[in-house]
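Asks: Mind looking over this structure? Questions follow.
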Amino acid sequence: MIYSMCRNFADTELAPNAAKWDKEHSYPSSAVSQLGNLGLMGISFSSTYGGADLDYLAYAIAMEEVSRGCASTGVIMSVQNSLYGGPVDKFGTNEQKEKYLTPFAEGKSIGCFGLSEPGNGSDAGAASTTAVKSGSSYILNGTKAWITNAHDASAAIVFATTDKSMKHKGISAFIVDTDTPGFSLGEKEDKLGIRASSTGNLIMEDVEVPAENLLGEEGMGFKIAMMTLDAGRIGIAGQALGIATASIDCAVKYALDRQAFGSPISKLQSIQNK
Numbered sequence: 090m091i092y093s094m095c096r097n098f099a100d101t102e103l104a105p106n107a108a109k110w111d112k113e114h115s116y117p118s119s120a121v122s123q124l125g126n127l128g129l130m131g132i133s134f135s136s137t138y139g140g141a142d143l144d145y146l147a148y149a150i151a152m153e154e155v156s157r158g159c160a161s162t163g164v165i166m167s168v169q170n171s172l173y174g175g176p177v178d179k180f181g182t183n184e185q186k187e188k189y190l191t192p193f194a195e196g197k198s199i200g201c202f203g204l205s206e207p208g209n210g211s212d213a214g215a216a217s218t219t220a221v222k223s224g225s226s227y228i229l230n231g232t233k234a235w236i237t238n239a240h241d242a243s244a245a246i247v248f249a250t251t252d253k254s255m256k257h258k259g260i261s262a263f264i265v266d267t268d269t270p271g272f273s274l275g276e277k278e279d280k281l282g283i284r285a286s287s288t289g290n291l292i293m294e295d296v297e298v299p300a301e302n303l304l305g306e307e308g309m310g311f312k313i314a315m316m317t318l319d320a321g322r323i324g325i326a327g328q329a330l331g332i333a334t335a336s337i338d339c340a341v342k343y344a345l346d347r348q349a350f351g352s353p354i355s356k357l358q359s360i361q362n363k
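Residue numbers (this note's numbering): 90 to 363.
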């Protein structure tokens, strides 16, 4: 059922618009909203928080078909389900899930995952972003780099050092509203593809985050990051397979339509061997 639903959606809503969205760097807001209505922006999350209560197999199938139709929409959906939504679903309080999972699973908002930094890639243990406790809040300072969905997200999972002496065990995770004073964005990256999904830097200058937005406990950030990335690889694999399938479909169509030497090039032995 999920296969046929996603395949139909990809063929009718995504594929006809994918090239235009990519060329214009245009966020596919209508498609994201429809994915939310179909339950695909929170596939494995509890229905209590707007999810579909499905398993990772369903997630992989959905990712493949959506990415086949539009690679950009696929990566937006992947981050929503795994990198952003995953840690909130697994480690968030009921209050955090109600605020930071439900509207996201419904496709009304999207989130992003702030781990990589200009100097350390995905090395969470080397995070230079800091979070200093101040009364009932934490003050965050630092920059996160190459963040998918950066320019369209309303909330971000941000990893910051709360105790440098503890090294990777001193990393904590926070849910940060992107409209918080002191939170800004770097330039939108001009990529070779998947351009309808924005990529950019998250810049935090004395960003005050309420203590209730700490995800899990202090020092759990590295664990949260690693568990999240593990699950996120399923989405990446689904995206890759979907893009590859679309590429093959495109190549086959071209070989059938392109005429040379009096017949379609699909009749040529060298093409048939491929």
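Cβ atoms here follow ideal geometry from the backbone N, Cα and C, with glycine treated the same way.
Do the region 291–300 and the region 135–144 make contact, defined as three or more Cβ pairs closer than 8 Å?
Replies: no
Asks: Near Cys-159, which residues of its chain fall below 6 Å by C-beta distance, leaving aside the five closest residues on each side in sequence?
Replies: Taking the sequence shown and counting its residues from 1, the one referred to as residue 159 is at position 70. Closer than 6 Å at the Cβ level, and outside the excluded window around Cys-159, lie Leu-103 and Ala-107.
Asks: Would you decide whether Ala-349 is buried or exposed? Buried here means 16 or more other CB atoms lie within 10 Å of its CB.
Replies: Locating residue 349 in the sequence shown gives position 260, counting from the first residue. Under this definition Ala-349 is an exposed residue.
Asks: Identify the continuous alpha helix (DSSP H) that holds Pro-176 and give its terminal residues.
Replies: In the sequence shown, the residue the question calls residue 176 occupies position 87. It spans 174–180 - the alpha helix (DSSP H) in which Pro-176 sits, taken as one unbroken run.
Asks: Among the candidates Glu-307, Gly-351 and Ser-286, whose CA atom is the shortest distance from the CA of Trp-110?
Replies: As a working mapping, residue 110 is identified with position 21 in the sequence shown. Nearest of Glu-307, Gly-351 and Ser-286 to Trp-110, Cα basis: Ser-286.
Asks: Among the candidates Glu-306, Thr-162, Met-90 and Tyr-92, whose CA atom is the shortest distance from the CA of Val-121?
Replies: On the sequence shown, residue 121 is found 32 positions in, with the first residue counted as 1. It is Thr-162.
Asks: Check whether the region 216–228 touches the region 246–263, counting contact only when three or more Cβ pairs, one atom from each stretch, lie closer than 8 Å.
Replies: yes
Asks: Measure the C-alpha to C-alpha separation of Asp-241 and Tyr-116 and round it to an integer number of angstroms.
Replies: Numbered from its first residue, the sequence shown carries residue 241 at position 152. Numbered from its first residue, the sequence shown carries residue 116 at position 27. Here the alpha carbons of Tyr-116 and Asp-241 stand approximately 8 Å from one another.
Asks: For the alpha helix (DSSP H) containing Val-121, name the first residue and the last one.
Replies: Residue 121 sits at position 32 when you count from the first residue of the sequence shown. Val-121 -> alpha helix (DSSP H) spans 118–126.
Asks: I'd like to know whether the C-beta atoms of Ala-245 and Gly-203 end up nearer to each other than 7 Å.
Replies: Here residue 245 refers to the residue found at position 156 when the sequence shown is read from its first residue. Here residue 203 refers to the residue found at position 114 when the sequence shown is read from its first residue. For the 7 Å CB-CB criterion, Ala-245 and Gly-203 form a contact.
Asks: List the whole-angstrom C-beta distance separating Ile-199 from Ile-150, where the pair is believed to meet the contact cut-off of C-beta under 8 Å.
Replies: Position 110 of the sequence shown, counting from 1, holds the residue named residue 199. Position 61 of the sequence shown, counting from 1, holds the residue named residue 150. Ile-199 to Ile-150, Cβ: 21 Å. No contact.
Asks: In the DSSP assignment, the beta strand (DSSP E) including Gly-289 goes from what residue to what residue?
Replies: The residue you call residue 289 lines up with position 200 of the sequence shown. Secondary structure note for Gly-289: its beta strand (DSSP E) is the uninterrupted segment 288–299.
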